[in-house]
Structures are given as structure tokens and as C-alpha cells.
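Asks: Add 117 to a position in the first sequence, counting from 1, and you land on the number used in the numbering used here.
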Amino acid sequence: MDKIRARFAPSPTGELHIGGARTALFNWLFVRRYGGKMILRIDDTDKQRSTEEYLDTIINSLTWLGLTWDEGPEKGGDFGPYMQSQRLDLYNKVLERLIADGKAYYCFCTTEELEQQKEKDQREGRPPRYTGLCRNLSYHEVEEKKAACANNYVIRLLVPEEGDTVVEDVIRGWVTFENKGLGDFIIRKSDGLPTYNFASAVDDNLMQVTHVIRAEEHLSNTPRQQIIQEQLGYNAPVYAHVPMILAPDHSKLSKRHGATSVQEYRDLGILPEALINYLALLGWSPGEDREIMDIEEMVERFSLEKVSKNPAIYDLQKLTWLNSHYLRSLDLERIKEEAIPFLLKHGHISMEDVSKKEKTIGKVIELVREKVRTLEEIAEASVYFFHDEFPYEEKGTEKHFRQEGARNLLEEISSCLTSIEPFQAEEIKEGLQVLSKQKDIPLKKINPLLRFAVTGQTMGPDLMNTLEVLGKEKILERLEKAASICSS
RNA sequence: GGCCCCUUCGUCUAAUCGGUUAGGACACCAGCCUUUCAAGCUGGCAACAGGGGUUCGAAUCCCCUAGGGGUCACCA
Numbered sequence: 118m119d120k121i122r123a124r125f126a127p128s129p130t131g132e133l134h135i136g137g138a139r140t141a142l143f144n145w146l147f148v149r150r151y152g153g154k155m156i157l158r159i160d161d162t163d164k165q166r167s168t169e170e171y172l173d174t175i176i177n178s179l180t181w182l183g184l185t186w187d188e189g190p191e192k193g194g195d196f197g198p199y200m201q202s203q204r205l206d207l208y209n210k211v212l213e214r215l216i217a218d219g220k221a222y223y224c225f226c227t228t229e230e231l232e233q234q235k236e237k238d239q240r241e242g243r244p245p246r247y248t249g250l251c252r253n254l255s256y257h258e259v260e261e262k263k264a265a266c267a268n269n270y271v272i273r274l275l276v277p278e279e280g281d282t283v284v285e286d287v288i289r290g291w292v293t294f295e296n297k298g299l300g301d302f303i304i305r306k307s308d309g310l311p312t313y314n315f316a317s318a319v320d321d322n323l324m325q326v327t328h329v330i331r332a333e334e335h336l337s338n339t340p341r342q343q344i345i346q347e348q349l350g351y352n353a354p355v356y357a358h359v360p361m362i363l364a365p366d367h368s369k370l371s372k373r374h375g376a377t378s379v380q381e382y383r384d385l386g387i388l389p390e391a392l393i394n395y396l397a398l399l400g401w402s403p404g405e406d407r408e409i410m411d412i413e414e415m416v417e418r419f420s421l422e423k424v425s426k427n428p429a430i431y432d433l434q435k436l437t438w439l440n441s442h443y444l445r446s447l448d449l450e451r452i453k454e455e456a457i458p459f460l461l462k463h464g465h466i467s468m469e470d471v472s473k474k475e476k477t478i479g480k481v482i483e484l485v486r487e488k489v490r491t492l493e494e495i496a497e498a499s500v501y502f503f504h505d506e507f508p509y510e511e512k513g514t515e516k517h518f519r520q521e522g523a524r525n526l527l528e529e530i531s532s533c534l535t536s537i538e539p540f541q542a543e544e545i546k547e548g549l550q551v552l553s554k555q556k557d558i559p560l561k562k563i564n565p566l567l568r569f570a571v572t573g574q575t576m577g578p579d580l581m582n583t584l585e586v587l588g589k590e591k592i593l594e595r596l597e598k599a600a601s602i603c604s605s
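(1) Assuming the contact rule is C-beta atoms closer than 8 Å, ALA456 and ILE430 should be a hit. Round their C-beta distance to whole Å, please.
(2) What are the residues that DSSP puts in a beta bridge with CYS311?
(3) So, at 7 Å on beta carbons, what are the nonlocal neighbours of ASP308 in its own chain, with the 5 sequence-adjacent residues on each side left out?
(4) Report the option in ARG204, GLY137, LEU146 and LEU207 whose CA atom is closest to the CA atom of THR174.
(5) Could you tell me the distance, in whole angstroms, from the CA atom of GLU348 to the CA atom of ARG373?
(6) Among the candidates GLU414, ASN564 and PRO311, whose CA atom is the shortest distance from the CA of ASP579?
(7) Within 10 angstroms of the Cβ of PRO389, are there 16 or more other Cβ atoms? Answer buried if so, exposed if not.
(8) Rounded to whole angstroms, what's the CA-CA distance from ARG122 to GLU585? Just pull it up for me.
(9) Please work out which residues of its chain come closer than 6 Å, Cβ to Cβ, to TRP186, disregarding the five sequence neighbours upstream and downstream, and give them in chain order.
(10) What distance in whole Å lies between the Cβ atoms of LYS591 and ASP505, which are believed to be in contact at a cut-off of 8 Å?
(11) With a cut-off of 8 Å on the beta carbons, I'd call ILE330 and ASN314 a contact; round off their distance for me.
(12) So, helix, strand or coil for ILE409, using DSSP?
(13) Indicate whether VAL424 and ILE288 have their beta-carbon atoms separated by less than 8 Å.
(14) Indicate whether GLN342 and SER317 have their beta-carbon atoms separated by less than 8 Å.
(15) Do GLU497 and LEU385 have their beta-carbon atoms positioned less than 8 Å apart in this structure?
(16) Go ahead and label PRO311 buried or exposed: buried means 16 or more other beta carbons lie within 10 angstroms of its beta carbon, across all protein chains shown.
(17) Are at least three pairs of beta-carbons, each pair with one atom in the segment 550–559 and one in the segment 437–452, less than 8 Å apart?
(18) May I ask you to verify whether the segment 323–339 touches the segment 142–154, counting CB pairs closer than 8 Å and requiring at least 3?
(19) What is the rounded straight-line gap between the Cα of ILE116 and the Cα of LEU205?
(20) Is it buried or exposed for GLN541, if we count other Cβ within 10 angstroms and need 16 for buried?
(21) Give every residue of the same chain whose Cβ lies closer than 7 Å to the Cβ of LYS474, excluding the five residues on either side of it in the sequence, and list them in chain order.
(22) Is the CB-CB distance between ASN296 and GLU279 below 8 Å?
(23) Between GLN325, GLY298, LYS369 and VAL379, which has its C-alpha nearest ILE344's C-alpha?
(24) For a quick check, are the C-beta atoms of PHE302 and CYS266 less than 8 Å apart?
(25) If I measure Cβ to Cβ from MET410 and keep anything under 8 Å in the same chain, skipping five residues before and after, which residues do I get?
(26) Taking the alpha-carbon of HIS463 as reference, which of PHE502, LEU596, VAL379 and ARG166 has the nearest alpha-carbon?
(27) Could you check the C-alpha separation between PRO198 and PHE125 for me, to the nearest Å?
(28) Whose C-beta lies closer than 8 Å to the C-beta of MET468 among residues of the same chain, with five residues either side of it excluded?
(29) Do ASP160 and PRO190 have their C-beta atoms closer together than 8 Å?
(30) Cα-Cα, which of LYS453, LEU484 and VAL485 is closest to VAL471?
(31) Pull up the DSSP beta-bridge partners for ASP218, would you.
(32) For ILE135 versus ILE362, is the C-beta spacing smaller than 8 Å?
(33) Is GLN325 near the ligand ATP, judged by its Cβ being under 7 Å from some heavy atom?
(34) So who's on the other strand from VAL271, going by DSSP bridges?
(35) Please classify ASN112 as buried or exposed, where buried requires at least 16 neighbouring CB atoms within 10 angstroms.
(36) Where DSSP assigns a beta bridge to TYR81, which residues make up the other side?
The structure is reproduced here in C-alpha cells:
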């Protein structure tokens, strides 16, 4: 087989959606697996909705996920430019050829006329389809109308009414479409830009794309693209239409279902490793019951044939579970780097603290990451490490502070801790054990109270280490404060 | 509505050519461990959409029905 070339072709009309991210992932894995080239092409033929900001966020998201490309805008390559809006000359040349060959024609029908025709078709039980009103205009008629309509015309492809178009899809096999169901569709819009089907078909050929891996919503459009390629004498690429990602209610994923873009998951404190791993599992099975994989293992195992055919419903809980796994198992340095922005955002630390309190920050993250599932939760769960003012949980207050003898015990603990030196986990543990024995109070009673008094929470990371990180001074202050609450 | 795709636990999925107690993971439940549990360990619950065929034998092959999704744009 020739050198494999696959492309990811987002349109910059929104942020990178998780469905798009998975499509990009599958393209990337495929290319890496078989040693091909990855192309990033920007399908920005929708002049109204495309923006540079969206382009930036898409590129940001891809980069954050680690999905790199060999050719693309900025980066360049032998088949550029990689923005469709910069390829208009190319499309126009192809268009001219099609018209000269009588394979495409100008159409001057107005929206109203088309609307009427459509209604009539529906009334009379015909499928609404363009029937070729402008198909047989003479050269003079075309010139006349062109002059009269101020360039407000489109170009349509003359679609054969007989025969079938067969699409080769790696995931679905051979899919047959009847040509008569297609109609003469538009390939250039009145603003002079090509339509998606046309630009896509032309570019896939010009960029020598061998495999088109994209979402299933494009399957029904594929025969159109293939007919364009046929009319142009191109060979069609191999297709792979990956199943859609649906919301829990089986509908198309939308804003009302919560986070749908990569950027939103990032803001929620999801790690790229977790998102990649989760997305890989959605619609693809690596075999041998593998679940947690790094990207290299995915590359080794990936194949389009093992991509499933049915749509997948995304499940936030599994993503979160994977995230908690990576939170715990990745290098602390890595997690630190990712968590610090969240600590800053929550006002736990300042910019100067990042280097000034680096060691403490590292220790806090190391402790807290064992207990939480997202970077956001690291920040939420570490309030008491960074602030002396923190709320006491309701149920804990009830359970610990309203307890008979609570104040007394807190004072005992306080004096016990005062003498511990050095103030480190091991020593603290021993000290508390001694206290437990002397007073004949089980640690099961001492420790939870102590935790609650100094953190305001009934649960949290390892207590001894928490105490060590907090430091004696703070703890003694907090114990005193807690004791005063008990007495009131 | 026409056309196209799809259908295994609640969810993601596995089950080489038809023969499995239909496997794993998340979630859920229970037990254990522990200074806490939101961690860890162990165990449990839970599925072949329905109906016809073909076959000694069907989740697997064929047909029909139902359900879901996509597409039929001067959006991609």
C-alpha cells in the first residue's frame, strides 16, 4: 500500500467537541500505528460562522491532548495551503473544468423558487429533490442570467440518475446508495465558496489522503463526495465512519448535557491522559480486556477493524474514574504542574507562592490527590492547608464537638502535640499512641476528633502526614479555637 | 416521509471459522482493611430488542418487526 495519509478536518465554528477529539484521536492512532502522515486541514468554508478564535481553541485543545500533526496550517507541508479558505483558486479551476465538460452547471433558482418546488414535491408525495430546472440552459441564457443576477448564482453537479454508488467503509463494509436519491446538489455557493462536499472531495484527492476517518454523520454524504471524485477522474479514498457519541438520553450531545468540549473538561480538572484513554475506549476495544493504557500501548493495539459500529453513550463517571487513576499514578511533578493553576484559581496560593512555597504545595498535592478525582477537587479539598479560616462541616460538628468531654480531649491532645519533636508523621503517631494508652482512650476516638478540629472535615488524606504538613504551630492554634467552640 | 447505519448487563465493551457457566471495566450493593473514606482488597447484582427460519447446535448466518441514530442545507 502507498504511504498512508489521514486527515482531521475540523471547521472552526465551535470549540473542539469530544466527538471531534475522538475522531482526531482515531486518525492519529491509525497514522502512528501504520507509519503514515497526519494532516490537519481547516474546513472553513462557512464564512459566517468560522472564526479565528475557534481555530485557536481547536489547535490548543489538540495540542493539550498531545494529538500532533505532520502537515497543517502554520506547520506547512507539500500540499498546502491547509486552510480551505485559502484554496479558492484550486477549487475554481476544478469547477471550470467540470463546467467545460458539462458535468456541472450554473443554477439561478432563487431560494423562494426552491422552497415552492420542495413544498410541491412533498404535497405530491415525491421526495424533495432538485429536479434540474437550470440543467439545460444555453450558453446565452447563462450569460444573460449571470449579468442579471449580480453573481447571485450557484453551481450544481450533474448527478447521474441511474446506477448506484458504492462506498467502501472499513468499519461497515460496502454501503450502496442509489444515485437517483441524490439530486443535483450544490458544489459552489453564491458567495463563491465551495460547499463542504465539494471542497472535501477535491482536497482529499489533492492532498493525497488515503483514509478518511470521520464521524458517522458523514456516511450519508459520502456518495456525493464519491460522485464528485468520479466525475473528476479521481480514485476514492478508503472511508471509516466511526460511530457517534451520544448523550445519556440517547440524543445528540449538546450544551444541555453538560461539558461537551475538550476545553470544558480541561477546566473541570480532567487530565489529558484520562480524556485520551476514555475516548479511546469509546467505540474501540483494544482486546484482552485492556482498559487503562498509555498512548503507546494504544498505538500498538489500534486497528480500524476493531472500532465498533454502534453509537456510544458517554459516561462521565468512567471518565472521572480514569482521571482519579491518573491523578494517583502519574509523576507527582506532572500532577503538580497541572494542579497549580487550580490552586491559583481558587486563591489558595499566589504567583510568588508557586516558587516560595513549592515544597509545601508539592506535599499537599501528594496527599490530597489520593482522595480526589479531579484537579478541581484537589483545590476544593485542600482549603484548610492554605487558609486558617475554613468552615466546619455540619455533621462533624454534631458528631465531634457536641460530644461529652470533647473540649477536654482537645486540650489533652494539644498538650501532647506540644512536646513532640521533631514534628513528623512517625513521631506524632507515637505521641498519640502514648496519649491513647495513658488516658485509656482509643485512637479511633482521638484521631477523628483531631482531624475534624484541624481541618473541619470528617475525612481526608492520611492524618499523620496532614498534621506534619500543617505544622505544629497552626495545629495548636486550631486546637485552641476548636476547644473554644466546644465549650460554647 | 425517502435513503443509510446500528441493536450483548444501567453505561463502555469481549466472545478467532456457529459449540463459552456469555468475559472485563465503570456505576451500584455487601464484606474486609484502616485514624477517616471519596482510597485499597474481596465478593455480589446485572445483558444476547422481539419473532420467524437455516442447523445436531445460533449472541454469532438469513428474513421480518420494533426501537435508536444519521442524512436528505447556498452547515460542516
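For each residue, glycine too, the CB sits at the ideal point set by N, CA and C.
From a predicted model like this one, the values you see are computed outputs, not experimental measurements.
Replies: Inspection of the coordinates gives the following:
(1) Counting from 1 along the first sequence, the entry for residue 456 is found at position 339. Counting from 1 along the first sequence, the entry for residue 430 is found at position 313. That pair is no contact at about 30 Å.
(2) Working through the first sequence from its first residue, we reach residue 311 at position 194. First, the residue type needs correcting, since residue 311 is Pro and not Cys in the sequence shown. PRO311 pairs with ARG305.
(3) The residue given as residue 308 occupies position 191 in the first sequence. Cβ neighbours of ASP308 beyond the five flanking positions: LYS164.
(4) As a first step, residue 174 must be located in the first sequence, where it is residue number 57. The option with the nearest alpha carbon to THR174 is GLY137.
(5) Residue mapping note: residue 348 aligns to position 231 of the first sequence, counting from 1. Residue mapping note: residue 373 aligns to position 256 of the first sequence, counting from 1. The question names Glu, but residue 348 is Gln in the sequence shown. Rounded to the nearest angstrom, the two C-alpha atoms are 43 Å apart.
(6) Here residue 579 refers to the residue found at position 462 when the first sequence is read from its first residue. Ranking the options by Cα distance to ASP579, first place goes to ASN564.
(7) In the first sequence, the residue the question calls residue 389 occupies position 272. That one is buried.
(8) By one-based count along the first sequence, residue 122 stands at place 5. By one-based count along the first sequence, residue 585 stands at place 468. Their Cα atoms are separated by approximately 56 Å.
(9) Reading the first sequence from its first residue, position 69 is the one you call residue 186. Within the same chain, TRP186 has close Cβ partners MET155 and LEU157.
(10) Indexing the first sequence from 1 puts residue 505 at position 388. Indexing the first sequence from 1 puts residue 591 at position 474. Right, their Cβ atoms sit about 7 Å apart.
(11) By one-based count along the first sequence, residue 330 stands at place 213. By one-based count along the first sequence, residue 314 stands at place 197. So it is not a contact: roughly 17 Å between Cβ atoms.
(12) Counted from its first residue, the first sequence places residue 409 at position 292. Looking at ILE409 - three-state DSSP - the assignment turns out to be coil, as it is neither helix nor strand.
(13) Looking up residue 424 in the first sequence gives position 307. Looking up residue 288 in the first sequence gives position 171. Against a cut-off of 8 Å, the Cβ pair of ILE288 and VAL424 comes out as a contact.
(14) As a first step, residue 342 must be located in the first sequence, where it is residue number 225. As a first step, residue 317 must be located in the first sequence, where it is residue number 200. Yes. Within cutoff.
(15) Sequence index remark: in the first sequence, residue 385 carries index 268 (1-based). Sequence index remark: in the first sequence, residue 497 carries index 380 (1-based). No, these two residues do not count as a Cβ contact at 8 Å.
(16) For the purposes of this step, residue 311 is identified with residue 194 of the first sequence, where counting begins at 1. With 16 or more other Cβ atoms within 10 Å, it is buried.
(17) no
(18) yes
(19) In the structure as shown, the chain starts at 118 and stops at 605, and residue 116 therefore has no counterpart that could be examined.
(20) Position 424 of the first sequence, counted from the start, is the residue given in the question as residue 541. Exposed, because fewer than 16 other Cβ atoms sit within 10 Å of the Cβ of GLN541.
(21) The residue you call residue 474 lines up with position 357 of the first sequence. Counting only Cβ-Cβ distances below 7 Å, and skipping sequence neighbours, we find ILE466.
(22) What you label residue 296 is simply residue 179 of the first sequence in a count that begins at 1. What you label residue 279 is simply residue 162 of the first sequence in a count that begins at 1. Closer than 8 Å, so yes.
(23) Position 227 of the first sequence holds residue 344. It is GLY298.
(24) What you label residue 302 is simply residue 185 of the first sequence in a count that begins at 1. What you label residue 266 is simply residue 149 of the first sequence in a count that begins at 1. It is not a contact, given that the beta carbons lie outside the stated cut-off.
(25) As a first step, residue 410 is located in the first sequence; it is residue number 293 there, counting from the start. Excluding residues within five positions, the ones whose Cβ falls inside 8 Å are ASN394, ALA397, PRO403 and ARG418.
(26) One-based indexing of the first sequence puts residue 463 at position 346. Taking only the C-alpha atoms, the option nearest HIS463 is PHE502.
(27) Mapped onto the first sequence, residue 198 falls at position 81. Mapped onto the first sequence, residue 125 falls at position 8. Going by the C-alpha atoms only, they are around 15 Å apart.
(28) Residue numbering aside, residue 468 sits at position 351 when the first sequence is read from its first letter. Correct list, in chain order: LEU461.
(29) Against the first sequence, residue 160 aligns to sequence position 43. Against the first sequence, residue 190 aligns to sequence position 73. No. Outside cutoff.
(30) Position 354 of the first sequence, counted from the first residue, corresponds to residue 471. Answer by Cα proximity: LYS453.
(31) As a first step, residue 218 is located in the first sequence; it is residue number 101 there, counting from the start. In DSSP, ASP218 forms no bridge with anything.
(32) Mapped onto the first sequence, residue 135 falls at position 18. Mapped onto the first sequence, residue 362 falls at position 245. In contact: ILE135 and ILE362 (Cβ atoms closer than 8 Å).
(33) Here there are no bound small molecules, and the ligand ATP is not part of this structure.
(34) Counting from 1 along the first sequence, the entry for residue 271 is found at position 154. BP columns for VAL271 point to CYS224.
(35) Past the boundaries of the shown model lies residue 112; the chain is included only from 118 to 605, so the question cannot be answered.
(36) For the chain, the structure presents residues 118 to 605; residue 81 sits outside this window and is missing.
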